[in-house]
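The block underneath contains the structure these notes are about, expressed in C-alpha cells.
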Amino acid sequence: MSGGSTGREEVLGQRLDKWLWFARVVKTRSLAARLILAGKVRVNRERTDKPSLMLRPGAVVTVLVAGRVRILRVVSPGQRRGPPADAHMLYEDLTLPRSAPGTQDRSCDAPSDLGGRPTKRQRRQIERFKSGSA
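The opening position of the sequence shown corresponds to residue 29 in the numbering used here, with each subsequent residue numbered one higher.
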C-alpha cells in the first residue's frame, strides 16, 4: 500500500515549467519558472503565472525567450530531459520562419556610410567648398 506510482501509469500531462525544461526551451527548470512568473508564457493564448499548470497534448504554448517569440504545440508531455533530438519530438514548432537578413526593408535604418569624423583631406575639401574656391 505505498503511495508510489506503478511503472504502467501513462502520463497524461506535465507541469509547464518541467515541460519547458524537457523541451529545451530554457536551460534550467528554475529559469522556466522565472519566465512563467514574469508573464512571458501563454498557454492556449491565455497568459499564465503558474509554473504548476498541467500541460496536455494539443496545447499551444507561446514563449518569449531571448527577444524571440516561439509558438509550440505540445505533442507529448515527456518523461525526462533527454538529448536535443528527443526534445524536438515533444512539440511541433508553429513559429513563423524568420525572413532572411538581406530581405528586410532597410528604408528606416540609419545610413551606415557616414564614417564618423572627416579625415584631414575631407576637411580641406570642406574648407575649400565653404570659401568658394572650388
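C-beta: ideal position from N, C-alpha, C; glycine also.
- Query: Hey, would you say residue 57 sits closer than 8 Å to residue 46, going by beta carbons?
  - Reply: For residue 57 and residue 46, yes; Cβs fall inside 8 Å.
- Task: Measure the alpha-carbon distance for residue 70 versus residue 109 and round it to whole angstroms.
- Result: C-alpha separation (whole angstroms): 22 Å.
- Task: Pick helix, strand or coil for residue 153, following the three-state DSSP scheme.
- Result: Look at residue 153 here: in three-state DSSP terms it is helix.
- Can you say whether residue 42 is buried or exposed, counting buried as having 16 or more other CB atoms within 10 angstroms of its CB? Buried, by the Cβ-count rule.
- Straight-line Cα distance separating residue 72 from residue 100: As the crow flies, the alpha-carbon of residue 100 is around 10 Å from that of residue 72.
- Message: For residue 35, count the other beta carbons within 10 Å of its own beta carbon; 16 or more makes it buried, fewer makes it exposed. Which is it?
- Response: Low confidence applies here, because residue 35 scores a pLDDT of 47, under 50, leaving its location unreliable; read the following figure in that light. Flag for residue 35 reads exposed.
- Status (buried if at least 16 other CB within 10 Å, exposed otherwise) for residue 106: The residue is buried, with at least 16 neighbouring Cβ atoms inside 10 Å.
- residue 84 by DSSP, collapsed to three states: which one? Note: residue 84 maps to coil in three-state DSSP.
- Query: According to DSSP, is residue 77 helix, strand or coil?
  - Reply: Look at residue 77 here: in three-state DSSP terms it is coil, with no helix or strand label.
- If you drop the 5 nearest sequence neighbours on each side, which residues of the same chain put their C-beta closer than 8 Å to that of residue 75? Here the set comprises 67 and 69.
- Query: Of the choices 160, 89 and 52, whose alpha-carbon is the least far from that of residue 102?
  - Reply: Check the Cα spacing between residue 102 and each of 160, 89 and 52: the tightest is with 89.
- Message: Let me check understanding here. Comparing Cα to Cα, which of 92, 122, 85 and 115 lies closest to residue 104?
- Response: Minimum Cα distance to residue 104 is reached at 85.
- In terms of alpha-carbon separation, which member of 78, 80, 96 and 87 lies closest to residue 53? Residue nearest to residue 53 within the set 78, 80, 96 and 87 is 96 (criterion: CA-CA distance).
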